[in-house]
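Undergrad: Have a look at this one before I ask anything.
Chains as they are written, first to last, in my numbering: chain A, 35 to 293; chain E, 29 to 301; chain Z, 1394 to 1746.
Below, the structure written as structure tokens:
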């Protein structure tokens, strides 16, 4: 019993640590003063201003669309790539995994500028498309890094057994392999989605004029102070996702779902 | 499906990475190995030996190593606890850890500033309670805190993934054979989660090593990390050659990471994971 | 988990659909103009007015530092028509042949810009051919009257150990060295190694007293009483005073930096005529006034200065200092790649201490 309480306290403390800044952002979204350093009383005006601000809403749309498409593509390509990588010889596997790690390791600005130069040499028009290409590029490694540990724990004989029993490779994959690696695939997707939401530097160098994401908007605002509308938007996103999570978690049908 | 066919499945990714990872990488090498006139030089890479650069590298290594260890120590028990919780809540718990990251990184880091400052939220509460104040803003401690905060989910998720994959029967079998809790952990659980741990270490250590935003905002820019140097070469000095040269040095840590992983990976598969 | 995943997807998709409605319209009847400006450096209302009056569609893009803007323009990834860089960066762009000469016949409102600002611009644009001033200001000391009770008139207060851990310095090479060079009585565009060495030593000596090197957070930190003294741009000073009346701004007697951000037209601009129309519109006194009131950075537009209703602001020494009163004001020059490297290496030595 004591052990259980200790565990709960531990989890609780970690949550406090993770959510303290979010709570701060939420409080700031109701702050009547424009600066984060001073409390000027309670207000809802930033929420009203937010919905009047077409630029921010357009940026929100771009951000979500890019994150969603990029992480979906990255998840498909990355998961398939994992199967191939597992079957490579040791040496080539090491090389491929090394290359996979590069976008994570390189300073964002290096990746950003080199992609910009690449797109220029390819004669691409800068805009939504170039942002998407670069986001897919840096999302794939996160998928591979999440899926690979799962793949490794797979027992290869189960898949072969399925084939021996007459399953086609695709059917066999979805029936035998996929359920086992699904948690890895999903967390890879989530991570890719998250990284794409947050990226600033790479987006900056690969975007065209007039196409903005929330990150590029926020960073350019630093010079004159973050607009409190941004805090309001963050709060709305947070609350929406949280409510969604709670609803889904309450749904009784979920009991049968594996994690 | 034979192994050659399976390898073919990787073609889209291999082509993709050739165009979008290898070509840009070649550009980095080109800049890193040339000077402004375009002539070959090793100077950019060797400049890591200057006292300022090597100190920045050493500090970055130290801080990111400490952060990685703290993340691991916090994340492992957490993942174990989460794993034993009601199955119904799994997905919920995982998302709860990712959710903070959906708020913009810069906003979250600025929020830490609001919390930690001399007249910030935490100190106001401490003063109100007549407790001594916390003065870690603009010190290496704040940077470590920022790194742990930002990268902890990257450590929790792969370990959680690996743990949830362990067959309960294996653990029960070990217990039946007379292993105590500690032995089960050391001989069964831990070895089976090594791939997850290594993934986690890679995902925490590497971004922590190259970060510059955290040291700027929480370290008051008084502490120069190698990420700051690279960033400064690109954004303030417009010296892409030196910036690229130092990036190449940082890439050596991919290789180092691979070697270490190979040593720890009991399967002897020698890959990063 | 699957269900959760699907709901997340559905939510995103739904949101995306809703938001698609917010998309902006195509190009205007009279073509477009692509503007590249500092973040939050214009009153958005003026853009709408420009579009309505001229039928030219404005594609607006923002950057956060000169150095991040430069490679994008140099590489030509996007062809911009109007850009608003700072003084030394304009000089660098002129040196590297990136700018087009402006036809001032198309910008009659340029007459609203005070002659002294064109005079000051000659430091980086010797013939006034490439740039039209948009905003200007000084760099000075912002201090909190409740924490500092002595008169402040010199950079040397930033070296006073009474204020240890209460000093905010600028976190950019040139600004930090400007303070140290001026303190030692040298030019802030110095390339003399002995002078720079002296400045570096001053900065190293100062480092233990500095609470943090910051760029934009100096504003929030000073408003929040986080520090006693900070180095700040004059445009920010007006805003911080509005938020925290205890703050006071001074231009030190050793002299300082007068900076100017000006409109320029890059050589590869596809819509040069529209660009000139845009610059002309920005020079109109009512538009300049709107922008000044929105961003609080001083406008060099004397016609707009005369229109300011708030007497305190109109006569503010912070917003509109009498530049002739100081004889050691300077504007940053582009020092060439070697000069930049020299400064940068010294700055790294300071930072690595």
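Where a beta carbon is used, it is the ideal one built from N, C-alpha and C, also for glycine.
Between residue 89/A and chain Z, is any beta-carbon pair separated by less than 9 angstroms?
TA: Yes, residue 89/A lies at the interface with chain Z (some Cβ there is under 9 angstroms from its Cβ).
Undergrad: Taking buried to mean at least 16 other C-beta atoms within 10 Å of its own C-beta, is residue 197/E buried or exposed?
TA: Exposed.
Undergrad: First and last residue of the beta strand (DSSP E) that includes residue 1640/Z?
TA: Residue 1640/Z -> beta strand (DSSP E) spans 1640 to 1643.
Undergrad: Roughly how many whole angstroms lie between the Cα atoms of residue 143/E and residue 190/E?
TA: Cα-Cα distance, rounded: 34 angstroms.
Undergrad: Is the Cβ of residue 1595/Z closer than 9 angstroms to any Cβ of chain E?
TA: Residue 1595/Z does not count as touching chain E.
Undergrad: Can you give me the start and stop residues for the beta strand (DSSP E) that residue 1431/Z sits inside?
TA: That run of the beta strand (DSSP E) goes 1425 to 1431.
Undergrad: Using the Cα positions of residue 1628/Z and residue 262/A, report the straight-line distance between them to the nearest angstrom.
TA: In a straight line, the C-alpha of residue 1628/Z is about 20 angstroms away from that of residue 262/A.
Undergrad: Would you mind reading off the limits of the alpha helix (DSSP H) that contains residue 260/E?
TA: Taken as a continuous stretch (DSSP letters only), the alpha helix (DSSP H) holding residue 260/E covers 254 to 263.
Undergrad: Who are the neighbours of residue 272/A on chain E, taking C-beta pairs under 9 angstroms?
TA: Simply 127, 128, 130, 131.
Undergrad: Check whether chain E comes within 9 angstroms of residue 186/A, counting only Cβ atoms and requiring the distance to be less than that.
TA: So yes, residue 186/A belongs to the interface.
Undergrad: Please look up how many angstroms separate the CB atoms of residue 1550/Z and residue 1625/Z, rounded, as I've assumed it's under 8 angstroms.
TA: Wrong, their Cβ atoms sit about 14 angstroms apart, outside the cutoff.
Undergrad: Determine, for residue 81/A, whether the minimum Cβ-Cβ distance to residues of chain E falls below 9 angstroms.
TA: It does not; no Cβ of chain E falls within 9 angstroms.
Undergrad: Could you give the distance in angstroms between the alpha-carbon of residue 84/A and the alpha-carbon of residue 91/A?
TA: Going from the Cα of residue 84/A to the Cα of residue 91/A covers about 8 angstroms.
Undergrad: Which residues in chain A sit within 7 angstroms of residue 193/E, going by Cβ to Cβ distance?
TA: Here the neighbours are 184, 187.
Undergrad: Name, please, each residue of chain Z whose Cβ falls closer than 7 angstroms to the Cβ of residue 84/E.
TA: Neighbours of residue 84/E on chain Z, chain order: 1745.
Undergrad: Suppose contacts are defined by Cβ-Cβ distances below 9 angstroms. Is residue 1711/Z in contact with residue 1630/Z by that definition?
TA: In this structure, residue 1630/Z lies closer than 9 angstroms to residue 1711/Z by Cβ.
Undergrad: In terms of DSSP beta bridges, what is residue 173/A paired with?
TA: Answer is none; residue 173/A lacks a bridge partner.
Undergrad: Determine, using beta carbons only, whether residue 1565/Z comes closer than 9 angstroms to chain E.
TA: Yes, because at least one Cβ of chain E sits closer than 9 angstroms to the Cβ of residue 1565/Z.
Undergrad: Between residue 1471/Z and chain E, is there a C-beta pair that is closer than 9 angstroms?
TA: It does not: the Cβ of residue 1471/Z has no partner Cβ on chain E nearer than 9 angstroms.
Undergrad: Give a yes or no on whether the minimum CB-CB distance between residue 1665/Z and chain E is below 9 angstroms.
TA: Answer no: the Cβ-Cβ gap between residue 1665/Z and chain E never drops below 9 angstroms.
Undergrad: Suppose the cutoff is 8 angstroms on Cβ atoms and the five residues either side in sequence are ignored; what does the same chain contact list for residue 1575/Z look like?
TA: Correct list, in chain order: 1548, 1581, 1645, 1647, 1648, 1649, 1721.
Undergrad: If you drop the 5 nearest sequence neighbours on each side, which residues of the same chain put their C-beta closer than 6 angstroms to that of residue 265/A?
TA: Excluding residues within five positions, the ones whose Cβ falls inside 6 angstroms are 59, 62, 63.
Undergrad: Taking only the alpha-carbon atoms, compute the straight-line gap between residue 235/A and residue 143/A and give it to the nearest angstrom.
TA: If you take the alpha carbons of residue 235/A and residue 143/A, they lie about 6 angstroms apart.
Undergrad: Have a look at residue 1598/Z and residue 1592/Z and give me their C-alpha separation to the nearest angstrom.
TA: Using only the alpha carbons, I get a separation of about 10 angstroms.
Undergrad: Using the rule of at least 16 other Cβ atoms within 10 Å of the residue's Cβ for burial, across every protein chain shown, is residue 290/A buried or exposed?
TA: Note that residue 290/A has pLDDT 40, beneath the 50 cutoff, so the model's placement of it is unreliable and no number is given.
Undergrad: Under 8 angstroms: do the region 1669 to 1679 of chain Z and the region 1499 to 1510 of chain Z share three or more Cβ pairs, one atom per stretch?
TA: Yes, since at least three Cβ pairs between the region 1669 to 1679 of chain Z and the region 1499 to 1510 of chain Z fall closer than 8 angstroms, the two stretches touch.
Undergrad: Which residues, taken in chain order from the region 1585 to 1618 of chain Z, show a beta carbon closer than 9 angstroms to some beta carbon of chain A?
TA: For the region 1585 to 1618 of chain Z, which is checked against every Cβ of chain A, the residues closer than 9 angstroms are 1608, 1609, 1610, 1612, 1613, 1614, 1615, 1616, 1617, 1618.
Undergrad: Under 8 angstroms between beta-carbons, which chain Z residues line up against residue 255/E? List them in chain order, please.
TA: Correct list: empty, because the minimum Cβ distance to chain Z is about 13 angstroms.
Undergrad: Of the residues that make up the region 1726 to 1741 of chain Z, which ones have a beta carbon closer than 7 angstroms to any beta carbon in chain E?
TA: Residues passing the 7 angstroms Cβ filter: 1730, 1733, 1734, 1737, 1741.
Undergrad: Does the region 1694 to 1702 of chain Z come close enough to the region 1445 to 1456 of chain Z that 3 or more CB-CB pairs lie under 8 angstroms?
TA: They do not touch, by the three-pair rule.
Undergrad: Just mark residue 1414/Z as buried or exposed, buried being the case when its beta carbon has 16 or more other beta carbons within 10 Å.
TA: Note that residue 1414/Z scores a pLDDT of 45, beneath 50, so its modelled location is shaky; the value from the coordinates is reported in the next line. Answer is exposed; the Cβ neighbour count stays below 16.
Undergrad: Against chain Z, which members of the region 201 to 226 of chain E pass a CB distance test of less than 9 angstroms?
TA: Listed in sequence order: no entries.
Undergrad: Against chain Z, which members of the region 141 to 162 of chain E pass a CB distance test of less than 9 angstroms?
TA: Those would be 141, 142, 145, 146, 147, 148, in chain order.
Undergrad: If you run the structure through DSSP and keep just helix, strand and coil, what is residue 113/E?
TA: In this structure, residue 113/E counts as coil in the three-state DSSP scheme.
Undergrad: Could you work out which residue in 151/E, 167/E, 166/E is closest to residue 160/E when comparing CA atoms only?
TA: Residue 151/E is the option with its Cα nearest to residue 160/E.
Undergrad: If we count the other Cβ atoms within 10 Å of its Cβ and call it buried at 16 or more, is residue 78/A buried or exposed?
TA: It is exposed - the Cβ of residue 78/A has fewer than 16 other Cβ atoms within 10 Å.
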